[in-house]
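Chains A and B, in that order, give the protein sequences.
The opening position of the first sequence corresponds to residue 1 in this note's numbering, with each subsequent residue numbered one higher.
The opening position of the second sequence corresponds to residue 531 in this note's numbering, with each subsequent residue numbered one higher.
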Amino acid sequence: MPKKPAAKKEKRASSECKAVIEIGSNALRLKVAQARKNKMEYVESITYDLNLGRDTFGTVTSGAALSGDGGRIQFDNLEKICGIIKNFLAAASGYGCEEIKIVATTAIREATNKEYILDQIKIKTALNVEVIDDAQEKLYIFKFMASLLNDALKKSTFLVYIGSGSMGLSYMTEGRIPYAQNIRTGSLRISEMFNELQEYSSEFHLVVEEYLNGFTDGLAENIPGPVKDFVASGQEISMIAELCGARDDGLFLYIPRENFTQMYEEIKHKSVDNIALDYRLPTDKAEVLLPAMAIFNRLMEITGANQIISPAILLSDALMYEMLYPKAFAELNKDFSKSTVLYARRVASRYGTPEFHYAKVERYALKIFDKMKKIHGMGQHEKLLLSTAAILHDVGKFINFKHHYRHSYNIITGLDILGLSNLDREIVACICYYHSTCLPSIHDEHYKSLSAQDRVLVSKLTAILRAADALVRGSGEKFDSIDVTVSDELVVTISTEQNIDLEQWAFNKKSDLFEEVFGLKARLRNKRPL
Amino acid sequence: MDKPQHYINREMSWLAFNRRVLEEAQDKTNPLLERLKFLAITASNMDEFFMIRVSGLISQAEANITRTDPSGLTPREQLAAISEIVHDISTRQYNCLNRSILPALAKEGLRFMDMGELTAGQLKFTEHYFNSTIYPILTPMAIDQSRPFPLLNNKSLNIIVELKAKKSQTEDRFFAVVQTPTVIPRVIELPAGRALEAHTGPDAPEIPRGGTPERHFVFLEEVIREYVHRLFTGYRVLNASIFRITRNSDFDLDEEDTEDLLMEIEKSVKGRKWGEPVRIEIERNMVDSARVFLEEALKLDAADIYEISGPLDLSVWMSVSGIKGYDRLRNAPLIPRPAADFLDKDVFEAIAEKDILVHHPYDSFDAVLNFVRAAAQDPEVLAIKMTLYRVSGNSPVVETLAQAAENGKQVTVLVELKARFDEENNILWARRLDKAGCHVIYGLVGLKTHCKICLVVRKEDGGIRRYIHLSTGNYNDSTAKIYTDIGFFTSKETFGQDITALFNLLTGYSNNAVWKKIVVAPTMLRETLVRYIDNEAENARTGRAAMIIAKMNSLVDTAVIQSLYNASAAGVKIKLIVRGICCLRSGVPGVSENITVVSIVDRFLEHSRIFYFENGGAPKLFLSSADWMPRNLDRRVEVAFPVEDAALKEALIEILDITLSDTVKLRVQQPDGSYEKIDRRGKENIHSQLVFGQMAEARCSARQDGPAVFKPVNTSEK
């Protein structure tokens, strides 16, 4: 028996193992890792292949893949899911894991019987599955991906993640991401959609390429200038890398464009059976290889990159990083919110909102937000939502001044805002809906469908935005800064010799919500009236 | 390359192996009781051969399967050839016993008597023993129209008695069968000496040569036959003869349909007794009426009947060979030494320091037991995972794992219930582990888990660290004393990940895996072996160094053999050390002239599997649980793992070199498939198993003595 001093036996938080279980579209994954000297070290990584995507995206359930609605997760698969999770929990406990996070992605999210599935998993395994939405999934991945890139790779880069059921594209320049888009298609989804075609058509790749054009046509015009690097990850990237003889430097896989193209040319005329036989792949993997390579191929054509650089990370890796290094991850968030703001500005400009307007509204809103911290109790993330709303609130004017808030709402809910989850996006859209005339009302469908907590959040941020927006009337040249003090009332002090009757009127009218939400009267004061 | 004449029939090759064992019994340079042991082994080997292999062929023949094996024989042709050879071997076995071993034993004072040779006093003893001990446990079974031929146990020894009613006016005769009981010893010591059992105690004195007291023995069945008439009052015993039946014991579980494997095996174990008879051994001079009766009752051909001139079932001599007090008639014991690399070290620290090899039985199996024990007790150990294929009846491994579970470790044990002939034993300790809180699993449907792997997960200051033990032999402390095997300890993370992934597959936690170091059957092993062999062929063609040395128990797989033929034709020097079956025919011009096949049959059963590939001067060495047989490569979970540490590679190469240079126990396969010892004239006497024993001793004492130190003389003793 090793005789060790007792002190050494104390568990150190840093070496504690943590586990992530991901219920993906084509497999369930368990990852167990420990934090070691700022390097995440996996001690266990189990994959159990289970094609849930077939249930959800499959054409068997009458065109579920093409319609918005998903199919149903079959009951025997539910049994399997629970069995696998139980096994995973046993495996994780072998490392003394206490913290276990379990998430589900597209296949569960889009299943029509999602709620029942989650309920059963909860009953059988006592775990609450967090369903990660499209946007969140990409956000996690891109955030983690970006953190791995060195400065040279951040200059002009196309970042791509191809999941089984959805993919995310984004363009990075000088470390920021001004453009991002989520596309609801992925390797498995395509394979399931065109299942029968793949078996009978020798020109299956043409079908896929043509189908993809619909998604990628608008892409090139959104990417300013030539893209230098192509950084990609996804379920199939490791398999593709191996087939293409990629180089591995421990951090990234490097797939030369030449090899990739050659490989794609080689497989595109082959049947699934032949792909499976020729490359010794299980049928499941062989099925998704062509769609996955077709997507990468199409996207590579858009860039001028001579290789695919892949950190080969999946959602579970990013989640694990967040669990093991919460502080570092929060830093990433902070950094990433700059990209979100940048993106929002681009959208606002695209919809013709004058920069002087949204920039000022944002600045004033944030000032009020900061001064009121003790009263509203909100944090960094809410501040980002406020910024985004402040920038985007008037985009609806592009369609019509009349009811522009309504158009703003519709435009925003139709955007992919990198850095925001779908729920975040809904909240921003709601804030913008109420920034102008209407006040939050339980009779409004979009407001009603939020949780009570989120309704309060919308109201609080709306109150601030309305006040800030009231200060920027006309061309907004009357003053360029505000002072905010908070005591038993909120006083916004400006200094101008110009007439501010319009601003005063608007402020009084728009700060009504302020009092109702914060129990605080808001007052506008001019330090230097004429 | 795949012509029938290039292959040796598997059964013929196995019979040739059993001949080699018999040669050890015949070899007068072996101590007498060792020879007796080898003789007993040939018999139990042969039993298993009939129960499994011959049974299988009979089933095929009865199903009229006419497909030929690689050597071009149909099942019927094989059965005919087997019968002929086994009859020959049987004659040789009893010649060896009757003409050589029994007279030699008599010279040592150990006499096995016929009833006719007994003195009046000894007869009085046997009569009393019959009446008091044997009679109450005998169950005679008469056979007539209302009572069919009884179901006799597999491998049971029986007496068939022909009877006639004393008062009957007719000449009507009928038969009865008496099974000899298995609950009392078959060898009975007579009062001339002391009871055999009295000499099995640890304190039994060594009997000096010369002044040996005479000791007399008689066989149980002879005593029963002598007094068998007492079982049938009112009848006259016309004759009584001894016979033994062997039954089909091959069974295939239909696993796909089996919900509960354990229950299925329990049923099957019970069912095994009643398989069809495949062989009957009768004593020479059995009267024709009895012989014909048995043939008809058991539905056997003349070819399945073996006439024996001596006591039936030679495996009985195994117990005699263990008689206490006659160590001078045995090999000097070779004592297992503590594995040098673990001496005076914490088990985990030793493994963390470097990879370690242990060569059993020369290095003691305690190294493995200590590893598991340390894991069970160490507070930093979180989990232990282990495969158990065959463990000994009272296994310390099982006990330790149960304790580990009680100590709060997560213990996962993969129990292979399908290890042949051990099922009853297996089920008992599986239950035991389950009760202790171990997670007991029964492996994958359709595949036997044959790999021997153990994983210990430890939480150390730096984080999780895994310790691995991989072996060519089972976690069985009993067989580890008589099988040569090689164990490998490592804490390398690549192995840790591979073995973890393998356990995840075996436990059903995952359904796919990629390997970093190990090669796993049934998915990749054959393909990988063929690739390495082909690589040697390619190297030979391009003029680079090319050589293969492979040590295993059996070589049967046709794909691998063809690959070896190709390599030989390409000029690769191939040395195969195959203890048992080898279907590859060496020395065929143009096919296998560069291949030599050698076999070692000695006191320890050669069991390790070592594969060496020259690899153009950067040798690759693998250890494995797998033989190159279809069953290992297709129907079992097996592991081959590379040994990469330079010093350990050297050690393995040394083991292969010493084995190949053996001049005492090495036999070389001849082109006709027979094996011959090499001509020792002018050669150094190298007895490889003894050399390995000396090496282990030297390793151990070099480590124990440590560097020279100055020891003060203890003056007070003067």
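Using N, Cα and C, we set each Cβ at its ideal position, and we do this for glycine too.
Since the model is a prediction, treat every value here as computed from it, not as a measurement.
- Looking at the backbone, the Cα of Ile302 (chain A) and that of Arg455 (chain A) are separated by about 42 Å.
- The three-state secondary structure of His403 (chain A), taken from DSSP, is coil.
- At least 8 Å separates the CB of Tyr997 (chain B) from every CB of chain A.
- Within the segment 39–50 of chain A, the residues whose Cβ lies closer than 7 Å to any Cβ of chain B are, in chain order, Glu41, Val43, Glu44, Ile46, Thr47, Tyr48 and Asp49.
- Between Leu682 (chain B) and Val713 (chain B), the alpha-carbon positions lie close to 16 Å from each other.
- Taking the beta carbon of Tyr95 (chain A) as reference, the chain B residues within 8 Å of it are Leu912, Ala913, Val987, Lys989 and Ile994, listed in sequence order.
- Within chain B, no residue has its CB atom less than 8 Å from the CB of Gln74 (chain A), the nearest being about 17 Å off.
- The residues Ile309, Ser310 and Pro311, in chain order, have a CB closer than 7 Å to that of Phe252 (chain A) in the same chain once the five nearest residues on each side in sequence are set aside.
- Between Leu319 (chain A) and Val517 (chain A), the gap from beta carbon to beta carbon reaches 8 Å or more.
- Out of B:Tyr892, B:Ser585 and B:Phe705, the CA that lies nearest to the CA of Arg777 (chain B) is found in B:Ser585.
- At a cut-off of 8 Å between beta-carbon atoms, Cys82 (chain A) makes no contact with chain B.
- Distance from Ile619 (chain B) to Leu668 (chain B) at the Cβ level is roughly 33 Å; contact not present, criterion being Cβ atoms closer than 8 Å.
- Judged by their CB atoms, Arg1109 (chain B) and Ile1130 (chain B) are nearer to each other than the 8 Å cut-off.
- Thr261 (chain A) carries a helical assignment under DSSP once its states are collapsed to helix, strand and coil.
- In this structure, the alpha-carbon of Pro680 (chain B) lies about 14 Å from that of Phe773 (chain B).
- DSSP lists A:Leu28 as the bridge partner or partners of Tyr48 (chain A).
- Across the set B:Thr1024, B:Leu563 and B:Asp1209, the C-alpha of B:Leu563 shows the shortest separation from the C-alpha of Ala636 (chain B).
- For Ala365 (chain A), the enclosing alpha helix (DSSP H) covers residues Glu355 to Lys371.
- Judged by their CB atoms, Ile983 (chain B) and Thr917 (chain B) are nearer to each other than the 8 Å cut-off.
- In this structure, Ser1138 (chain B) lies away from Cys981 (chain B), with their beta-carbon atoms at least 8 Å apart.
- Less than 8 Å separates the beta-carbon of Gly1101 (chain B) from that of Ala1070 (chain B).
- Taken in chain order, the members of the segment 25–36 of chain A whose beta-carbon sits within less than 7 Å of a beta-carbon on chain B are Gln34 and Arg36.
- It is roughly 20 Å from the alpha-carbon of Gly651 (chain B) to the alpha-carbon of Arg760 (chain B).
- With a threshold of 8 Å between beta carbons, Tyr1039 (chain B) makes contact with chain A.
- Beta-bridge analysis with DSSP links Cys984 (chain B) to B:Met916 and B:His999.
- Among the residues facing chain B, Ala292 (chain A) is not included, as its CB has no counterpart in that chain under 8 Å away.
- If one requires a minimum length of 3 residues, the beta strand (DSSP E) runs lying completely within the segment 884–946 of chain B are 886–890, 911–918 and 940–945, in chain order.
- The beta carbon of Thr930 (chain B) sits closer than 6 Å to the beta carbons of Val902, Arg903 and Ala906 from its chain, once the five residues preceding and following it are set aside; these are given in chain order.
- Under the DSSP assignment, Ile73 (chain A) falls outside any beta strand (DSSP E); it carries neither an H nor an E label.
- Taking every protein chain shown into account, the CB of Asn594 (chain B) has fewer than 16 other CB atoms within 10 angstroms, so this residue is exposed.
- Between Phe762 (chain B) and Ala820 (chain B) a beta carbon distance of about 15 Å is seen, past the 8 Å cut, so the two are scored as non-contacting.
- Within 10 angstroms of the beta-carbon of Pro1119 (chain B) lie fewer than 16 other beta-carbons, which makes it exposed.
- Contact between Ser839 (chain B) and Tyr624 (chain B) holds, since their C-beta atoms are separated by about 5 Å, short of 8 Å.
- Along the segment 767–778 of chain B, none of the residues has a CB nearer than 9 Å to a CB of chain A.
- For the set B:Ile1125, B:Lys567, B:Phe660 and B:Asn688, the Cα lying nearest the Cα of Pro670 (chain B) is the one of B:Asn688.
- Here Asn150 (chain A) is exposed: its Cβ has fewer than 16 other Cβ atoms, across all protein chains shown, within 10 Å.
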